[in-house]
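Asker:
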Amino acid sequence: MSSNSPISGTQGSPFSTSAFGLTATANTGYEFSGGATTLGGTYNQSSSTYGSNTTTGSFPVGSSVSLITYNVSYSVSTSNITNNTGNSFNYVISGGTFSGSTQSGGPIAVPSGSSVTVEARIVPTGTDIITPNPTQDSVTVASVTSDQTITVSPTGTIDSGTGSVRMDQNLVATGPGASSVVTAYTYNGAGGYQAGSTQTGTLGTTANFGASVSVTGSYFIVSSSNNITPTSSPLYSTSTAVVTANITVDTALTHSYSSTIAATGGGNTAPGTGGSACNYSGTQVTVYTDSSASGGLSVGQTVYVSATSMTPYTTNAATWWRTGAPGGAQLVQFNSSGTVANISSC
Numbered sequence: 339m340s341s342n343s344p345i346s347g348t349q350g351s352p353f354s355t356s357a358f359g360l361t362a363t364a365n366t367g368y369e370f371s372g373g374a375t376t377l378g379g380t381y382n383q384s385s386s387t388y389g390s391n392t393t394t395g396s397f398p399v400g401s402s403v404s405l406i407t408y409n410v411s412y413s414v415s416t417s418n419i420t421n422n423t424g425n426s427f428n429y430v431i432s433g434g435t436f437s438g439s440t441q442s443g444g445p446i447a448v449p450s451g452s453s454v455t456v457e458a459r460i461v462p463t464g465t466d467i468i469t470p471n472p473t474q475d476s477v478t479v480a481s482v483t484s485d486q487t488i489t490v491s492p493t494g495t496i497d498s499g500t501g502s503v504r505m506d507q508n509l510v511a512t513g514p515g516a517s518s519v520v521t522a523y524t525y526n527g528a529g530g531y532q533a534g535s536t537q538t539g540t541l542g543t544t545a546n547f548g549a550s551v552s553v554t555g556s557y558f559i560v561s562s563s564n565n566i567t568p569t570s571s572p573l574y575s576t577s578t579a580v581v582t583a584n585i586t587v588d589t590a591l592t593h594s595y596s597s598t599i600a601a602t603g604g605g606n607t608a609p610g611t612g613g614s615a616c617n618y619s620g621t622q623v624t625v626y627t628d629s630s631a632s633g634g635l636s637v638g639q640t641v642y643v644s645a646t647s648m649t650p651y652t653t654n655a656a657t658w659w660r661t662g663a664p665g666g667a668q669l670v671q672f673n674s675s676g677t678v679a680n681i682s683s684c
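In the working numbering, the protein residues as written are 339 to 684.
As structure tokens, this is what we get:
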């Protein structure tokens, strides 16, 4: 509170009592009724003369002083949120002056000069994920001096928390049993996966594929290769991760006919002669051919070690071998490819 008292002038001269300038000034952050920060005094008389009497000043009845407050609201801007899923997301308002779960809020009355902080976080729904995590922004107004809306702008990207993988098939089958080749695939250890079908899982985790091959009917696999490229363990991705099972398989007809042949060979000499193949009949092994040997082996027949093998019984072209059932005793000589080249008898 202030005034110009005392004031001076010529004895008996009149003056207006407003010259005393009685004024009340509210402290910073406060105001008088009606919103003014200063309040002028009133006097018991409007005029007086110097030296005549004492003037009394006062303030209007009912005058009061109160704290100044401002209306403060908040708003969350999503202009910096890239939402790749289109799904809804949540707002978490906490850690500051406001709390709640709406994009905007307020107003609240804030004392003049007070500090206000707005902190907002974006939280995806369902299996969606956000990067960075957490995605949030915080704004602080150190001293509030007016009505205002505080805007926070978190920056982040929302993606689906689900990724996908797929394994395609690249099969090259040759030989007479090519059309009877059967592939079998596994997905995460379980059989029954169908090549080309898309599977889903948690984004960024690993899927596992496996592949095998077989042949049905009267065929067998001569050779095969099987590899999954670029990897058998792809990561579930927002853009489907595709791998390929590369399978190459060569087939042959099962050798359906059998014969027996001595385990030891010798020369084409008379029985009883030293080293004669005719002498070796005790230990017989079973061999296989693609045509009947019921009447004995024939020139041109290839003899294999098993019904499902392309390995010839022997490629020793210098030795003779004694055969047994079902064609009876005969001597055969093979060429370097394992095919019967010559036949003789004991």
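Glycine included, every Cβ here is placed at the ideal spot set by N, Cα and C.
All of these numbers come straight from a predicted model, not from anything done at the bench.
Would you decide whether T478 is buried or exposed? Buried here means 16 or more other CB atoms lie within 10 Å of its CB.
Answerer: When all chains shown are included, T478 counts as exposed.
Asker: For the beta strand (DSSP E) that contains D506, what are its first and last residues?
Answerer: Segment 500-512, the beta strand (DSSP E) holding D506.
Asker: For A600, which three-state DSSP category applies?
Answerer: If DSSP states are grouped into helix, strand and coil, A600 belongs with the strands.
Asker: Sort N428, S619, N680, S575 by Cα distance to V637 and report the nearest one.
Answerer: Selected option, being the one with the closest Cα: N680.
Asker: Between the alpha carbons of A663 and S571, how many angstroms are there, rounded?
Answerer: Whole-angstrom Cα-Cα distance: 53 Å.
Asker: Once DSSP output is grouped into helix, strand and coil, what is the label at A615?
Answerer: In this structure, A615 counts as helix in the three-state DSSP scheme.
Asker: Taking a contact to mean a Cβ-Cβ separation below 8 Å, would you say L635 touches T661 in this structure?
Answerer: Their beta carbons are under 8 Å apart, which means L635 touches T661 by this criterion.
Asker: Measuring CA to CA, which of F427, V553, T500, T544 is closest to S518?
Answerer: Of the candidates F427, V553, T500, T544, the one whose C-alpha sits nearest the C-alpha of S518 is V553.
Asker: From which residue to which residue does the beta strand (DSSP E) around S550 run?
Answerer: Element bounds for S550: 547-553.
Asker: What's the call for Q639, buried or exposed, on a 16-neighbour Cβ count within 10 Å?
Answerer: Under this definition Q639 is a buried residue.
Asker: Can you tell me the Cα-Cα spacing of S619 and Y642, whole angstroms?
Answerer: Computed Cα separation, rounded: 19 Å.
Asker: Identify every residue that forms a DSSP beta bridge with G443.
Answerer: Partner(s): Y412.
Asker: Starting from the C-beta of G464, find all residues in its chain whose C-beta is less than 8 Å away, skip the five residues before and the five after it, and write them out in chain order.
Answerer: Cβ within range, chain order: N425, G499.
Asker: Please report how far the alpha carbon of A533 lies from the alpha carbon of Q507, in whole angstroms.
Answerer: C-alpha separation (whole angstroms): 6 Å.
Asker: Have a look at T393, N546, V490, A374 and flag the residue whose alpha-carbon is nearest the alpha-carbon of T380.
Answerer: Closest by alpha carbon: T393.
Asker: Which of the three DSSP states, helix, strand or coil, is assigned to S476?
Answerer: Reduced to three states, the DSSP call for S476 is strand.
Asker: Can you confirm whether A663, when its beta carbon is compared against all beta carbons of chain B, has any partner nearer than 8 Å?
Answerer: In the structure shown, chain B cannot be found, because there is only a single protein chain.
Asker: With a threshold of 8 Å on Cβ separation, who are the neighbours of A667 within its own chain once the five nearest residues in sequence on each side are excluded?
Answerer: Only C616, S619, R660, T661, S683, C684 meet the Cβ criterion.
Asker: Within 10 angstroms of its Cβ, does I345 collect 16 or more other Cβ (buried), or is it exposed?
Answerer: Exposed is the call here.
Asker: Can you name the start and end residues of the beta strand (DSSP E) that P352 belongs to?
Answerer: Residues 352-354.
Asker: What does the Cβ neighbour count give for V623, buried or exposed, with the cut at 16 atoms within 10 Å?
Answerer: Classification for V623: exposed.
Asker: Please state the DSSP three-state secondary structure of S517.
Answerer: S517: helix per DSSP, three-state reduction.
Asker: Is the separation between the beta-carbon of F547 and that of Y523 shorter than 8 Å?
Answerer: Their beta carbons are under 8 Å apart, which means F547 touches Y523 by this criterion.
Asker: Using the C-alpha atoms, what's the distance from N418 back to Y429?
Answerer: When rounded, the distance between both Cα atoms is 14 Å.
Asker: Nearest by alpha-carbon distance to T309: which of A601, T493, G515, V482 is it?
Answerer: Not covered by the structure: residue 309. The range shown for the chain is 339 to 684.
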